[in-house]
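Structure record follows, encoded as structure tokens.
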Amino acid sequence: MKNFLTLIFLLASVRSFSQDIYALKSGKINFFAGTPVEDIDATNTKAVSFLNLKTGDVRISIPNKEFHFRRALMEEHFNENYMESMKYPKSEFKGKISGIEKLELTSGKPVPVTVTGILTIHGIAKERTFEATLEVKDNTVEANTKFIVPLIDHNIDRPKILWEKIAENVNVTVNFVYELYKK
Amino acid sequence: MSFIKNKLTLALLGVVIFNPLLSQDLDELMKKAEGDKTDYTTATFKGTRIINGHSIEAPAKGVFQLMFSHRFGPLNDPVYTFFGLNEASVRFGFDFGITDRLAVGFGRSSGLGGTLPPPTYDFYIKYRLVTQSRGAINMPVSISILGASSIDTERWPDDGIPRTFEDRLYYTGQLLIARKFSEGFSLQLSPTIVHRNLTNSPDELNTLYTLGIGGRIKISKRMAITAEYYVNKPNSLGAGYYNPVAIGFDLETGGHVFQIQLTNSMGLIEPQFIGGTQTNFFDGAKAVRLGFNFTRVFNMKKTVPHGL
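Protein chains in written order, with the numbering used here: chain A, 10 to 192; chain B, 44 to 351.
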């Protein structure tokens, strides 16, 4: 009987463990680096991300070449001249949601959270803290955040020449919908 | 009974321990999920031409490219021709990306003074067969195929020799094989066949088998040094014709690509520079001339980023 209880306990723990990991189902990262002269914006829907709602761990990886622009040439310049995507093919974030065990996530409403971690863009890692919201529904988690990336933080050259006008600070908007991870 | 139960517990414990979800942390999950992606190489060359010949690149879908090219006279005369600027062969061309793989182009070339290629209309179609990539799909090179034809529209001389419309036609077939070895270094091999229905003299072969070799070394993010050489099969060009050699400099300024070059050829399309180059590059200033290609791109279709 005691063994049986152990068994049930173990089964239960397996179940609860697998219920903590969420995989990105559909993600949209948009950035705006325009100036009054020109709209420069791009969207990426090819991010890979996992979220552990028990520990608060977050991992995000974004293939730089999957940012798509209004003009093919902007995309080429982004990859060739700014991001150097051949050398640095992806942008990454490794972080943790602060105090996730204390959060009441199951309210069905967006819950403000603080995420702290390392943001790596153009090969330069920076410790950053972001404000985000998490909305937990049945088997999905929707995460939203907005933040600014100063290009200088990541050694991204901003040419001083007239014909290329890009902003000093890039505004990034993230909308991620995670789904319970099933093996 | 308890023995059986123990065994069952043990088995389940095993399941628990070896459950991939338990042994895997997020980093491993990430690694596995990212493994499925393919990273395609872009911008192997800045321009749709390396110097004289085509590169594997073509305008993207919906992009329209306007191109002006000039080749001047030989450099050896600084006084009377100001380094050859009295004569020029000129081509203006339009290139259009129908899809991201398929492009078409149209051009007209003509010249003023000297021994210049005849006024010619040219058409081409270029198709990207494969793109260099790494990741889930590993492909060492990018390959494009090019088919071109041109019509020489020079008035026939009034010499009584009967000529037909077919005599005005030229054809080019090219396989363009390129690899971007690093951010700064790209190399292309271009096996080429040029067919001329009519040649200037009987010792010139109508069909030329040629291997083009071209490369680029970037010296900054927006500048590059290029070189290009087309080697014809020996004894096919005829007396007085030479293989085209070119050394160039690429400057990219936003929507423009500006290419300046030193070359021995006056022609701006394949039959003319491969089969019609009349000076030997290694004779120096009396053979080598200045030239430029100037391109400007326009977006015909306003592409909106996904999800906007």
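Glycine is no exception: its CB is placed at the ideal position from the N, C-alpha and C atoms.
Kindly list, in the order they appear in chain A, the residues whose Cβ is closer than 7 Å to that of residue i.
i                     : result
residue 80 of chain B : 72
Report the rounded CA-to-CA distance for residue i versus residue j, giving the unit in angstroms.
i                      : j                      : result
residue 162 of chain A : residue 174 of chain A : 18 Å
residue 104 of chain A : residue 127 of chain A : 6 Å
residue 125 of chain A : residue 76 of chain A  : 24 Å
residue 95 of chain B  : residue 195 of chain B : 19 Å
residue 93 of chain B  : residue 184 of chain B : 16 Å
residue 250 of chain B : residue 236 of chain B : 7 Å
residue 57 of chain A  : residue 68 of chain A  : 8 Å
residue 40 of chain A  : residue 183 of chain A : 9 Å
residue 179 of chain B : residue 185 of chain A : 24 Å
residue 116 of chain A : residue 140 of chain A : 19 Å
residue 76 of chain B  : residue 263 of chain B : 35 Å
residue 137 of chain B : residue 157 of chain A : 41 Å
residue 130 of chain B : residue 117 of chain B : 9 Å
residue 225 of chain B : residue 144 of chain A : 43 Å
residue 160 of chain A : residue 180 of chain A : 11 Å
residue 151 of chain A : residue 119 of chain A : 8 Å
residue 314 of chain B : residue 280 of chain B : 11 Å
residue 352 of chain B : residue 198 of chain B : Residue 352 of chain B is absent from the structure shown; chain B starts at 44 and stops at 351.
residue 132 of chain B : residue 298 of chain B : 25 Å
residue 289 of chain B : residue 307 of chain B : 7 Å
residue 375 of chain B : residue 149 of chain B : The first residue shown for chain B is 44 and the last is 351, placing residue 375 of chain B beyond what the model contains.
residue 286 of chain B : residue 332 of chain B : 15 Å
Cβ of residue i less than 7 Å from any chain B Cβ?
i                      : result
residue 144 of chain A : no
residue 98 of chain A  : yes
residue 139 of chain A : no
residue 151 of chain A : no
residue 62 of chain A  : no
residue 88 of chain A  : yes
residue 95 of chain A  : yes
Could you tell me whether any Cβ in chain A is nearer than 7 Å to the Cβ of residue i?
i                      : result
residue 73 of chain B  : yes
residue 197 of chain B : no
residue 100 of chain B : no
residue 106 of chain B : yes
residue 264 of chain B : yes
residue 271 of chain B : no
residue 226 of chain B : yes
residue 139 of chain B : no
Quick one: list the residues of chain B neighbouring residue i, beta-carbon separation under 7 Å, in chain order.
i                      : result
residue 193 of chain A : Residue 193 of chain A cannot be examined here, being either before or after the span of chain A that is shown, 10 to 192.
Spatial neighbours of residue i within its chain, please: CB distance less than 6 Å, with the 5 preceding and 5 following residues excluded, ordered by chain position.
i                      : result
residue 187 of chain B : 99, 169, 171 and 219
residue 295 of chain B : 89 and 265
residue 165 of chain A : 91 and 131
residue 341 of chain B : 107
residue 255 of chain B : 96, 233, 235 and 273
residue 97 of chain A  : 131 and 132
residue 42 of chain A  : 49, 175, 176 and 179
residue 301 of chain B : 294 and 337
Near residue i, what residues of its chain come up, given a Cβ to Cβ distance below 7 Å and the 5 sequence neighbours on each side ignored?
i                      : result
residue 223 of chain B : 84, 87, 175 and 229
residue 136 of chain A : 127
residue 100 of chain A : 71, 73, 129 and 130
residue 188 of chain A : 31, 32, 34, 148 and 149
residue 29 of chain A  : 61, 62 and 63
Starting from the beta carbon of residue i, find every residue of chain A whose beta carbon is closer than 9 Å, and list them in chain order.
i                      : result
residue 237 of chain B : Under the 9 Å cutoff, chain A gives no residues; its nearest Cβ is about 31 Å from residue 237 of chain B.
residue 83 of chain B  : 74
residue 77 of chain B  : 57, 70, 72 and 99
Leaving out five residues on either side along the sequence, give the residues of the same chain with a beta carbon under 8 Å from the beta carbon of residue i.
i                      : result
residue 107 of chain A : 65, 122, 123, 124 and 125
residue 240 of chain B : 209, 210, 211, 212, 213 and 249
residue 46 of chain A  : 174
residue 284 of chain B : 247, 318, 319, 320 and 321
residue 147 of chain B : 138, 139, 141, 166, 167, 168 and 169
Using a cut-off of 8 Å between C-beta atoms, extract the partners of residue i located in chain A.
i                     : result
residue 86 of chain B : 85, 88 and 89
Regarding residue i and the ligand ZN, is the C-beta to nearest heavy atom distance less than 6 Å?
i                      : result
residue 146 of chain A : Only the bare structure without any ligand can be found here, which leaves the ligand ZN out of the picture.
query: What residue ranges within the stretch 273-341 of chain B form continuous beta strand (DSSP E) runs of no fewer than 3 residues, ordered along the chain?
result: Here the runs fully enclosed are 288-296 and 299-306.
- request: Ignoring anything shorter than 3 residues or poking outside the stretch 108-142 of chain A, list the beta strand (DSSP E) runs there in chain order.
  value: 120-130
- request: Please specify which runs of the beta strand (DSSP E), each continuous and at least 3 residues long, are wholly inside the stretch 122-167 of chain B, giving them in chain order.
  value: 131-140 and 145-155
query: Which parts of the stretch 200-269 of chain B are runs of the alpha helix (DSSP H), unbroken and 4 residues or longer, counting only runs that do not cross its ends?
result: none
- prompt: What beta strand (DSSP E) runs, 3 residues minimum, are completely inside the stretch 169-196 of chain B?
  reply: 176-178 and 185-195
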